[in-house]
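Novice:
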């Protein structure tokens with residue numbers, strides 16, 4: 001049989017409001033598509049709807065930029081109130097230049113603008129910003145637990161955002177929250193086609209899933225924020241089963257390269 | 266209808282030898298799976314089989330390391346002959362440290378070890394290295410032209426490798442060669458759900474496809490080096506159609522961030 005991976009957008013997922021029950025909305029969307037969940041499934045959620053459900057929207061009018069934000073805003077040429085929010089969400093600034101503000105955020109993630117964006121936020125004046133979830137791994141774990149109760153199955157959960165990258169143009173999907181799967185798969189122990197042990201092949205498994213789901217989500221106006229991934233068990237199942245229990249339940253923060261090993265911070 | 270992306274491994278793809286006709290092998294594998302190609306399909310090829318077919322294997326015994334390679338090999342603690350090959354393939358060294366050798370290669374790609382690896386190379390002594398294709402975009406264009414003749418359809422072609430990344434652990438699939446599709450999709454002109462123009466949303470489309478295909482290829486012993494991607498036209502079709510002819514036929518080198526805009530080289 002042909003090895004196959006399928007990625008399905010949950011149909012007609014509603015526009016999410018603060019306080020919405022995403023697990024309930026997910027079950028309703030699955031039922032519309034005549035789908036039921038299994039333990040081998042992965043559900044990938046767009047960060048935006050997690051943030052919205054968790055009420056992470058901030059009115060820019062309510063933000064008073066401090067001295068550091070005012071100075072930095074002149075360098076990066078962005079709204080000082082947005083820069084103030086970025087600084088509040090961050091541990092330190094990694095790079096700042098015209099149009100570029102890369103930070104290490106409170107969660108340890110390194111990315112532009114602390115992941116804060118102003119698109120798809122329901123306000124005609126465009127004066128709303130949407131912060132990342134407070135703790136995306138905890139959000140993923142909560143969703144996983146709720147779905148397990150509602151569905152009687154335990155799909156893995158990924159919360160995906162789109163990040164820019166050094167060296168390469170264009171954003172790609174990355175996993176900022178994970179539950180129930182190994183974010184990194186270590187294939188070092190396995191042998192290659194010719195019986196040679198592979199030396200270094202740790203795969204950013206959850207990031208590849210986030211990138212794949214991003215192809216289905218589209219951006220903005222398309223509104224396909226939840227993607228069901230099917231078929232992984234037959235593809236990477238061996239490596240997944242080989243991962244010990246602790247590896248299998250690591251958070252997405254395991255994907256962040258430790259500062260001491262990072263030559264590019 | 267549920268928006269859906271399917272990724273299918275071409276079944277029983279043989280171990281590739283130097284000089285092999287990959288377009289012919291692809292047609293045979295498609296026919297075994299009862300699949301025929303359409304213009305909307307994308308075929309993603311693992312870099313390794315392109316390199317093998319193009320005879321890019323080098324016996325390490327034939328390589329004499331020069332002074333620079335000997336010095337650098339002490340720093341990075343790798344085989345000096347491998348380091349010599351890396352230097353020959355590169356324009357400059359971006360970072361060197363124990364176990365780490367990041368270069369800008371002759372193609373402009375920034376990655377570890379100039380993409381040279383020693384796994385999956387058929388030699389019991391393990392003394393063979395496999396270089397990247399001379400010009401992966403040209404390889405993709407050639408394959409696209411051959412398949413168009415054989416199949417009477419014009420699928421897009423991606424040549425994918427796995428790269429490590431600054432800031433994040435684990436490798437992910439990236440596109441090092443492209444033909445017949447837009448490696449970057451610019452969604453900036455489009456509007457989001459609330460009618461706001463999106464500001465900066467250039468998506469690394471071909472890289473996301475490479476990452477998705479990597480989930481299906483697996484690594485090493487699994488031997489699924491060619492992946493057919495179906496369903497993109499209904500997902501990113503609008504943006505793809507909006508891309509002008511010239512964008513649609515850019516090479517994968519368009520994904521490389523220009524040095525002047527790169528704060529992390």
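Residue numbers (the working numbering), protein chains in the order written: chain Z, 1 to 265; chain W, 266 to 530. Positions of the beta carbon are idealized from the N, C-alpha and C atoms, including for glycine. Given the structure is predicted, the values throughout are model-derived calculations rather than measurements.
Less than 8 Å separating the beta-carbons of residue 374 of chain W and residue 441 of chain W?
Specialist: yes
Novice: Using alpha carbons as the reference points, say which of W:301, W:349, W:363, W:369 lies closest to residue 530 of chain W.
Specialist: If you compare the alpha carbons of W:301, W:349, W:363, W:369 with that of residue 530 of chain W, the shortest gap goes to W:369.
Novice: Give the residues of chain Z in contact with residue 490 of chain W, contact being defined as C-beta atoms less than 8 Å apart.
Specialist: In chain order: nothing, as chain Z lies at least about 10 Å away.
Novice: Quick check: does the Cβ of residue 348 of chain W come within less than 7 Å of any heavy atom belonging to the ligand MG?
Specialist: By its list of ligands, the structure shown contains no ligand whatsoever, and the ligand MG lies outside what it can speak to.
Novice: What did DSSP end up calling residue 366 of chain W once you bin it into helix, strand or coil?
Specialist: strand
Novice: By how many angstroms is the C-alpha of residue 5 of chain Z removed from the C-alpha of residue 28 of chain Z?
Specialist: 23 Å
Novice: Within 10 angstroms of its Cβ, does residue 304 of chain W collect 16 or more other Cβ (buried), or is it exposed?
Specialist: exposed
Novice: According to a CB-to-CB cut-off of less than 8 Å, which residues of the region 419-436 of chain W neighbour chain Z?
Specialist: 427, 430, 431, 432, 433, 434, 435, 436
Novice: Starting from residue 81 of chain Z, trace the alpha helix (DSSP H) in both directions and tell me its first and last residue.
Specialist: Looking at the DSSP string, the run of the alpha helix (DSSP H) that includes residue 81 of chain Z is 80-88.
Novice: Since residue 208 of chain Z meets chain W, which of its residues come closer than 8 Å, beta carbon to beta carbon?
Specialist: 437, 438, 476, 477, 479, 480
Novice: Using a threshold of 8 Å, state whether the C-beta atoms of residue 138 of chain Z and residue 206 of chain Z are closer than that.
Specialist: no
Novice: Taking all protein chains shown into account, do 16 or more other C-beta atoms lie within 10 angstroms of the C-beta of residue 380 of chain W, making it buried, or fewer, making it exposed?
Specialist: buried
Novice: Evaluate residue 13 of chain Z with the Cβ neighbour count: other Cβ atoms within 10 Å of its Cβ, from every protein chain shown; 16 or more gives buried, anything less gives exposed.
Specialist: buried
Novice: Measure the C-alpha to C-alpha separation of residue 48 of chain Z and residue 223 of chain Z and round it to an integer number of angstroms.
Specialist: 11 Å
Novice: Using a C-beta cutoff of 8 Å, does residue 469 of chain W count as contacting chain Z?
Specialist: yes
Novice: So what's residue 481 of chain W in DSSP terms, helix, strand or just coil?
Specialist: helix
Novice: Look at the alpha carbon of residue 432 of chain W and the alpha carbon of residue 256 of chain Z, and state the distance between them as a whole number of angstroms.
Specialist: 6 Å
Novice: Step through the CB atoms of chain Z and report whether any lies within less than 8 Å of the CB of residue 345 of chain W.
Specialist: no
Novice: Do residue 421 of chain W and residue 406 of chain W come within 8 Å of each other at the CB atom, strictly closer than that value?
Specialist: no
Novice: Would you report the Cα separation of residue 236 of chain Z and residue 480 of chain W, rounded to the nearest angstrom?
Specialist: Residue 480 of chain W has its alpha-carbon roughly 7 Å from the corresponding atom of residue 236 of chain Z.
Novice: On the three-state DSSP scale, how would you describe residue 76 of chain Z?
Specialist: helix
Novice: Within the same chain, show all residues whose beta-carbon is closer than 6 Å to that of residue 16 of chain Z, passing over the 5 residues directly before and after it, in chain order.
Specialist: 49, 52, 53
Novice: With a Cβ-Cβ cutoff of 8 Å, do residue 56 of chain Z and residue 131 of chain Z count as a contact?
Specialist: Yes, the Cβ-Cβ distance between residue 56 of chain Z and residue 131 of chain Z is below 8 Å.
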